[in-house]
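Quick note on the numbering used here: the sequence shown kicks off at 18 and runs consecutively. Below you'll find the structure, written out as structure tokens, and then a few comments.
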Amino acid sequence: MVRNYLRTVGRHFSALFPPACAGCDGVSITGLAFCAICAPVAHRIEEPCCSRCQVPMDLFRPTGANSLCSRCQRQPPAFDSVHALWEYDGSVADAIRRIKYGGDLPALRALCRGASPWLSQHLYDLGPDLPVIPVPAHPTDLQRRGFHLPSLALRFLSVSNPIVPCGLRKERPTPRQATLSLEERHRNLIDAFRWHGPSVESKIALLFDDVLTTGATADAASRALKLAGFDSVHIFVFARAPFISGSKPAT
Ligand SMILES: [Zn+2]
Ligand SMILES: [Zn+2]
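In structure tokens:
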């Protein structure tokens with residue numbers, strides 16, 4: 018009886034206040050992440066992609082399980098795979114900017130609403146008991162921003178895997194990656210992360226961040242996890258940049 022009443026109230030509430038769009042000030046009447054205007058410019062990652070870093074590859078290149086982009090062939094990253102839902106472009110980049118620099122939590126909720134089924138399924142497929150580790154920020158960065166995006170996103174997402182929020186730590190503050198060249202990004206992050214969590218049992222780590230651009234952060238964090246004893250590290254992000262170098266502006 019009470020449940021039916023709450024359900025009816027909820028339906029009326031949703032009709033009066035439809036869910037926010039992640040990318041603009043509009044609403045998503047479908048209940049998905051983006052409104053009808055933003056949805057067409059929120060691009061899902063499509064094959065063929067590099068099997069390591071998931072950068073989109075040339076359509077005419079032969080694909081397969083070991084199809085690596087030139088950068089991963091030249092200099093393999095410390096992580097073993099990347100799983101991103103969207104390209105970091107268009108409405109998705111707008112949404113991330115609104116969240117990251119504007120503290121827009123309704124936009125984060127909307128993004129999580131859209132990504133939740135995909136993410137839950139992928140994490141579950143790799144192993145429902147595997148720990149999910151949010152990529153940490155240094156306390157000074159946290160103070161500036163007021164919240165930790167990957168941790169908050171994991172709370173909004175319906176993830177059934179165990180979450181290990183404080184195992185990996187960022188030991189020192191680093192300049193904002195967006196202001197640096199590709200080389201500088203990698204240099205900037207050497208030894209920046211360290212594992213302080215319990216002794217490693219699972220051997221497989223699932224690392225969660227909001228976006229992957231050059232991959233420098235994911236690489237440095239994965240290196241720290243492998244030093245701690247994890248055999249493989251798989252990166253999960255909302256979005257990854259649809260280009261290979263650090264030549265485009267990134268967050
Ligand atoms: Zn919109
Ligand atoms: Zn690659």
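The beta carbon of each residue, even a glycine, is placed where N, CA and C say it ideally should be.
Original post:
According to the neighbour-count rule (16 or more other Cβ atoms, all chains shown, within 10 Å of its Cβ), is F253 buried or exposed?
Top reply: By 1-based counting over the sequence shown, the position of residue 253 is 236. Buried, since its Cβ has 16 or more Cβ neighbours within 10 Å.
**OP:** Return the CA-CA distance between C52 and P151, expressed in angstroms with no decimal places.
**Re:** By one-based count along the sequence shown, residue 52 stands at place 35. By one-based count along the sequence shown, residue 151 stands at place 134. Between C52 and P151, the C-alpha separation is close to 28 Å.
Original post:
With respect to 7 Å, is the separation between the Cβ of L49 and the closest non-hydrogen atom of ligand 2 below this value?
Top reply: Here residue 49 corresponds to residue number 32 of the sequence shown, with the count starting at 1. The answer is no for L49.
Original post:
So is the beta-carbon of V152 under 7 Å away from any non-hydrogen atom of ligand 2?
Top reply: Here residue 152 refers to the residue found at position 135 of the sequence shown. False, no ligand heavy atom lies under 7 Å from that Cβ.
Original post:
Do L223 and A238 have their C-beta atoms within less than 8 Å of each other?
Top reply: The residue labelled residue 223 in the question sits at position 206 within the sequence shown. The residue labelled residue 238 in the question sits at position 221 within the sequence shown. Not in contact: L223 and A238 (Cβ atoms no closer than 8 Å).
Original post:
From R88 to C38, what distance separates their C-alpha atoms?
Top reply: Taking the first residue of the sequence shown as position 1, residue 88 is located at position 71. Taking the first residue of the sequence shown as position 1, residue 38 is located at position 21. Their Cα atoms are separated by approximately 35 Å.
Original post:
By DSSP, does H251 sit in helix, in strand, or in coil?
Top reply: Here residue 251 corresponds to residue number 234 of the sequence shown, with the count starting at 1. If DSSP states are grouped into helix, strand and coil, H251 belongs with the strands.
Original post:
DSSP on A32, reduced to helix/strand/coil?
Top reply: On the sequence shown, residue 32 is found 15 positions in, with the first residue counted as 1. Reliability of the predicted coordinates at A32 is poor, the pLDDT of 49 falling under 50, and the value obtained from them is presented with this limitation in mind. Correct three-state label for A32: helix.
Subject >> Of the listed residues A235, S133, A233, K117, nearest to G163 (C-alpha basis) >> reply: By one-based count along the sequence shown, residue 163 stands at place 146. When only C-alpha atoms are compared, the closest one is K117.
Subject >> CA-to-CA distance, W135 to G48, given in whole angstroms >> reply: In the sequence shown, the residue the question calls residue 48 occupies position 31. In the sequence shown, the residue the question calls residue 135 occupies position 118. Between G48 and W135, the C-alpha separation is close to 15 Å.
Original post:
Would the C-beta of G144 count as close to ligand 1, meaning under 7 Å from any of its heavy atoms?
Top reply: Position 127 of the sequence shown holds residue 144. Checking every heavy atom of ligand 1 against the Cβ of G144, none is found closer than 7 Å.
Original post:
For ligand 2, which residues have a Cβ under 7 Å from at least one heavy atom, in chain order?
Top reply: Taking every residue with its beta carbon within less than 7 Å of a heavy atom belonging to ligand 2 gives, in chain order, C67, R69, C70, V72, L85, C86, R88, C89.
Original post:
Using a threshold of 7 Å, is the CB atom of G119 nearer than that to any non-hydrogen atom of ligand 1?
Top reply: Indexing the sequence shown from 1 puts residue 119 at position 102. Not one heavy atom of ligand 1 is found less than 7 Å from the C-beta of G119.
Original post:
Any idea what DSSP makes of R211, helix, strand or coil?
Top reply: Counted from its first residue, the sequence shown places residue 211 at position 194. In this structure, R211 counts as strand in the three-state DSSP scheme.
**OP:** Return the CA-CA distance between G119 and S84, expressed in angstroms with no decimal places.
**Re:** Position 102 of the sequence shown holds residue 119. Position 67 of the sequence shown holds residue 84. Their Cα atoms are separated by approximately 38 Å.
**OP:** Tell me whether I54 counts as near ligand 1, meaning its Cβ is closer than 7 Å to at least one heavy atom of that ligand.
**Re:** Sequence index remark: in the sequence shown, residue 54 carries index 37 (1-based). Checking every heavy atom of ligand 1 against the Cβ of I54, one is found closer than 7 Å.
**OP:** Might you give, ordered along the chain, the residues of its own chain that have their beta carbon closer than 6 Å to the beta carbon of P153, omitting 5 neighbours on each side?
**Re:** Numbered from 1 along the sequence shown, position 136 holds the residue referred to as residue 153. So the list reads L185, R186, K187, once near-sequence residues are dropped.
Subject >> Reduced DSSP secondary structure (H/G/I, E/B, other) of H228 >> reply: Against the sequence shown, residue 228 aligns to sequence position 211. One detail in the question is off: residue 228 reads as Val in this sequence, not His. Note: V228 maps to strand in three-state DSSP.
Original post:
Which ranges does the alpha helix (DSSP H) cover as unbroken runs of at least 4 residues, wholly within the stretch 72–138, from first to last along the chain?
Top reply: 87–91, 107–119
Original post:
In terms of residue numbering, what span does the beta strand (DSSP E) encompassing R186 cover?
Top reply: Translated into the one-based positions of the sequence shown, residue 186 becomes position 169. Where R186 is concerned, the enclosing beta strand (DSSP E) stretches over 185–187.
Subject >> H251 versus I207: straight-line alpha-carbon distance, rounded >> reply: Within the sequence shown, numbered from 1, the residue matching residue 251 stands at position 234. Within the sequence shown, numbered from 1, the residue matching residue 207 stands at position 190. The straight-line gap from Cα to Cα measures roughly 19 Å.
**OP:** Pick out whichever of H165, E64, S108, R189 has its Cα sitting closest to the Cα of F210.
**Re:** Locating residue 210 in the sequence shown gives position 193, where the first residue counts as 1. When only C-alpha atoms are compared, the closest one is R189.
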